[in-house]
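Residue numbers (the numbering used here), protein chains in the order written: chain A, 1323 to 1646; chain B, 1323 to 1646.
All C-beta atoms, glycine included, are put in the ideal place defined by N, C-alpha and C.
The structure appears below as structure tokens.
2 protein chains.
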Amino acid sequence: MKSKSTIVQVAKRIGVAPSTVSRAFTDPGKLKPETVQRVMDAAAEIGYVPNHHARALITGRSGAIGLVLPDVANPFFPPLIRYAQLAAEDYGLAVFVADTAEDTKRELQMIERLSPQVEGLIIASSRLSDRVLQTIADRQPTVLINRDVAGVPRVLISTSKALAEGLHHLVETGHTRIAYVGGPARSWSDAQRHGCVQSTLENLGLEPYFFQAKSGNYADALEVSGEVEAAGATAVIAFDDVVAHGLMSGFRAHGLRVPEDINVLGCDDTLAITTHPPLSSISLDLASAARSAVTILRSAGRPGASTDQRFELEGSLVLRGTTN
Amino acid sequence: MKSKSTIVQVAKRIGVAPSTVSRAFTDPGKLKPETVQRVMDAAAEIGYVPNHHARALITGRSGAIGLVLPDVANPFFPPLIRYAQLAAEDYGLAVFVADTAEDTKRELQMIERLSPQVEGLIIASSRLSDRVLQTIADRQPTVLINRDVAGVPRVLISTSKALAEGLHHLVETGHTRIAYVGGPARSWSDAQRHGCVQSTLENLGLEPYFFQAKSGNYADALEVSGEVEAAGATAVIAFDDVVAHGLMSGFRAHGLRVPEDINVLGCDDTLAITTHPPLSSISLDLASAARSAVTILRSAGRPGASTDQRFELEGSLVLRGTTN
DNA sequence: CCTTGTCGTGCAAACGTTTGCATGCGAGAG
DNA sequence: CTCTCGCATGCAAACGTTTGCACGACAAGG
């Protein structure tokens, strides 16, 4: 099945040293162009393809990075996977994806499993403690996404500005009873959004109503919609779009109309246009986020790499059909 | 950053040969239990962790498999990723994920990139030609998902039975004008579903109406909903749930009610419960599919491995709120 | 007591690269 | 014409494992 041809076979074929063949692939500038050509031709002829592992063994670079995330099925992550992969490609890196199923133990376990076969780790929305994350980051290049741990490189996708903007819009259009339905408890994003709603609303002299969809999935949100309704909220900010979607379904089931009876503002803009009416949300630049993460990872563990990089990207408010 | 400790350091520490340490990790049965313990302790003390690449170099197994798919963002795939990973874990394998963005050239390119660093490839919903897939399968262990190429191991997730069942249900409840809205042209699933609708309906003496949502995404489906409506269909089968969802939105926008004015039956059951009303669909056992794929991959390229394995799993009909 | 077998361990040769150093060659400077 | 220098390439030593083979010790069988 697998044909195995090595660098020395190529070398023999055209009467050069193995090292020459190696250089033709890794540093062609050092060779006479004509030699490079001969090597390439011979390689193609016998179907030679460099052995990654032999190379990794000596150079220490495995040509792969790991992307660890809590739940592939959450619509926030697939785009992240795609963009991370695209970015990694530019550096000749392949990406391992690890789904932790929102389980802390499992997360740690996957990280340890992956650790020896990657050049670096991108850990998104980690549920691990700061201390543990620090330790991990000490062992190999690591960048966190949506987790703010001092001393470890991180990219944060912030929604503060856009959220405040959205809040102001709601207040301007006459809302005074505004609720926030939070997501996963240990999530940085949730803390950030929660805090933002709280401070913004207090500054406006309003009292926020807080609820929580424990795991942040559709079913949880559906369930919590009753409470929101009972509290008499006329507008609700959802932790993310799937929570927003769940809430909308709940409201509709109870005969509430969106946006006439209650306004809904989502977050992340992952499925906005597929709801009815189209969900107002906060759109994120995941492509930039992923690209930054990979770039930082690339430079981490290099001479003169700052260990405390912190990139913060702002989302932007997109008003659609669920707000007025 | 990266601490490097090797097998010989461990060996030295307790005065044994490197080979003994190696065996303690790979084949503990060959050693005195006490020796194994001593090795493990010493390894833990100095934080030794086996070097994957050195191991791969000599054994030829990289400890990784590749999962190639057209679009991570399509809700069909994330569960597949998760289950594939779960299954791979049992064999101590990590999984590379490659998103081809539905691009044939890119697909081939990713496969070639991944090929040298994996023990095998799972290619889902490939857009490549049979011939090319054959060639790929010749070079390394490969299993196809939802692609039926003779001579290369494959697992097919069939919906024929469930679809026929659904069709009969529609006819029994009085529908005579039934449409099928297809998805990506080169897709095996689409061909299979298209064929099933055609033959089943013809057997029942009805003439099917065929439409197509080119890329199979929400926007395409939304667009095609008008045509379906114009054709006077009273029931529509969608290639998958996202197409179904798009159609529903289209219908609603034009004032049609589901299911009163038109019935909708989806496929894949990826987002059934999050639509309104909840989408009737055909549920798939992705967990089994993924597990089979990994298992087949594992046994492929082994002595006595049949090259022509073909697993077919049947989906099951789930009637919810979009049919009557 | 010698043979034979088993068990636990050591030795050393791979695996396919990369890379620092050495070498030979021709060209330009003196 | 000799010296020096740079360029293109060869040589060989790593990188960290795994694994076939050999070896010694010890037990059991004759």
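Measuring alpha carbon to alpha carbon, tell me which residue in the options is nearest residue i.
i	options	result
threonine 1580 of chain B	B/Thr1597, B/Lys1334, B/Ile1368, B/Thr1422	It is valine, not threonine, that sits at residue 1580 of chain B in the sequence shown. Checked all of B/Thr1597, B/Lys1334, B/Ile1368, B/Thr1422; the closest Cα to valine 1580 of chain B is B/Thr1597.
alanine 1346 of chain B	B/Arg1360, B/Lys1334, B/Arg1335	B/Arg1360
glutamine 1331 of chain B	B/Arg1404, B/Ile1479, B/Ala1364	B/Ala1364
leucine 1379 of chain B	B/Ala1594, B/Pro1438, B/Ala1416	B/Pro1438
aspartate 1393 of chain B	A/Phe1573, A/Glu1356, A/Val1550, A/Leu1402	A/Leu1402
proline 1400 of chain A	A/Leu1619, A/Arg1613, A/Leu1608	A/Leu1608
lysine 1483 of chain A	A/Glu1494, A/Leu1639, A/Thr1644	A/Leu1639
threonine 1556 of chain B	B/Ile1584, B/Asp1542, B/Leu1578	B/Ile1584
valine 1565 of chain A	A/Thr1495, A/Ala1594, A/Thr1481, A/Thr1422	A/Ala1594
threonine 1495 of chain A	A/Thr1645, A/Ser1344, A/Arg1335	A/Thr1645
alanine 1513 of chain A	A/Thr1498, A/Phe1532, A/Ile1500	A/Phe1532
isoleucine 1618 of chain A	A/Arg1335, A/Leu1408, A/Ile1444	A/Ile1444
alanine 1575 of chain B	A/Pro1599, A/Arg1428, A/Thr1592, A/Asp1590	A/Pro1599
alanine 1615 of chain B	B/Ile1433, B/Ala1446, B/Ala1333, B/Lys1354	B/Ala1446
Could you give the distance in angstroms between the alpha-carbon of residue i and the alpha-carbon of residue j?
i	j	result
valine 1586 of chain A	glycine 1442 of chain B	46 Å
serine 1628 of chain A	alanine 1622 of chain A	7 Å
leucine 1569 of chain B	glycine 1637 of chain B	22 Å
glutamine 1631 of chain A	valine 1371 of chain B	28 Å
threonine 1342 of chain B	serine 1327 of chain B	16 Å
glutamine 1431 of chain A	asparagine 1468 of chain A	20 Å
valine 1358 of chain B	alanine 1366 of chain B	12 Å
valine 1338 of chain A	tyrosine 1413 of chain A	30 Å
glutamine 1534 of chain B	glycine 1588 of chain B	14 Å
leucine 1606 of chain A	glycine 1538 of chain A	18 Å
tyrosine 1540 of chain A	asparagine 1525 of chain B	41 Å
aspartate 1368 of chain A	glycine 1385 of chain A	A small correction: the amino acid at residue 1368 of chain A is isoleucine; aspartate does not occupy that position in the sequence shown. Answer to the nearest angstrom: the Cα atoms are 24 Å apart.
serine 1451 of chain A	arginine 1404 of chain B	24 Å
phenylalanine 1573 of chain B	histidine 1374 of chain A	53 Å
isoleucine 1559 of chain A	valine 1454 of chain B	50 Å
aspartate 1562 of chain B	aspartate 1425 of chain B	20 Å
glycine 1554 of chain B	alanine 1472 of chain B	40 Å
leucine 1492 of chain A	serine 1610 of chain A	29 Å
serine 1475 of chain A	glutamate 1634 of chain A	Contrary to the premise, residue 1475 of chain A reads as proline rather than serine in this sequence. C-alpha separation (whole angstroms): 11 Å.
phenylalanine 1398 of chain A	glycine 1488 of chain A	20 Å
proline 1674 of chain B	valine 1477 of chain B	Chain B is shown only over 1323 to 1646; residue 1674 of chain B falls outside these bounds and no answer can be derived.
glutamate 1429 of chain B	arginine 1335 of chain B	49 Å
valine 1466 of chain A	histidine 1516 of chain A	Reading off the sequence shown, one finds leucine at residue 1466 of chain A, where the question assumed valine. Going by the C-alpha atoms only, they are around 20 Å apart.
proline 1350 of chain B	isoleucine 1329 of chain B	15 Å
lysine 1536 of chain B	aspartate 1542 of chain B	7 Å
aspartate 1470 of chain B	tryptophan 1510 of chain B	7 Å
glutamate 1545 of chain B	glutamate 1551 of chain B	11 Å
arginine 1377 of chain B	phenylalanine 1418 of chain B	19 Å
alanine 1395 of chain A	lysine 1427 of chain B	27 Å
arginine 1435 of chain B	alanine 1612 of chain A	21 Å
Tell me the residue span of the beta strand (DSSP E) that contains residue i.
i	result
asparagine 1585 of chain B	1585 to 1587
According to DSSP, is residue i part of a helix, a strand, or is it coil?
i	result
alanine 1566 of chain B	helix
valine 1338 of chain A	coil
aspartate 1706 of chain A	Because chain A in this structure spans residues 1323 to 1646, residue 1706 of chain A falls outside the shown range and cannot be described.
glutamate 1524 of chain B	helix
serine 1602 of chain B	strand
leucine 1608 of chain A	helix
leucine 1635 of chain A	strand
valine 1519 of chain B	helix
valine 1580 of chain A	coil
alanine 1622 of chain A	coil
alanine 1535 of chain B	coil
What span of residues does the alpha helix (DSSP H) with residue i cover, start to end?
i	result
phenylalanine 1399 of chain B	1399 to 1412
alanine 1423 of chain A	That residue, alanine 1423 of chain A, is in no alpha helix (DSSP H); it is neither H nor E in DSSP.
valine 1558 of chain B	Valine 1558 of chain B -> not in any alpha helix (DSSP H); beta strand (DSSP E) instead, spanning 1557 to 1560.
valine 1546 of chain B	1540 to 1552
serine 1628 of chain B	Premise fails: serine 1628 of chain B is in no alpha helix (DSSP H) and is neither H nor E.
valine 1640 of chain B	Element bounds for valine 1640 of chain B: not the alpha helix (DSSP H) but the beta strand (DSSP E), 1638 to 1640.
*Just list the beta strand (DSSP E) runs in the stretch 1427 to 1513 of chain A, keeping only unbroken ones of 3 residues or longer that don't cross its boundaries, in chain order.*
1442 to 1446, 1464 to 1467, 1476 to 1480, 1500 to 1504, all fully within the stretch 1427 to 1513 of chain A.
_Threshold first: 4 residues or longer. Then list the alpha helix (DSSP H) segments lying entirely within the stretch 1336 to 1396 of chain A, N to C._
Counting only runs of 4 or more, we get 1340 to 1348, 1355 to 1368, 1374 to 1381.
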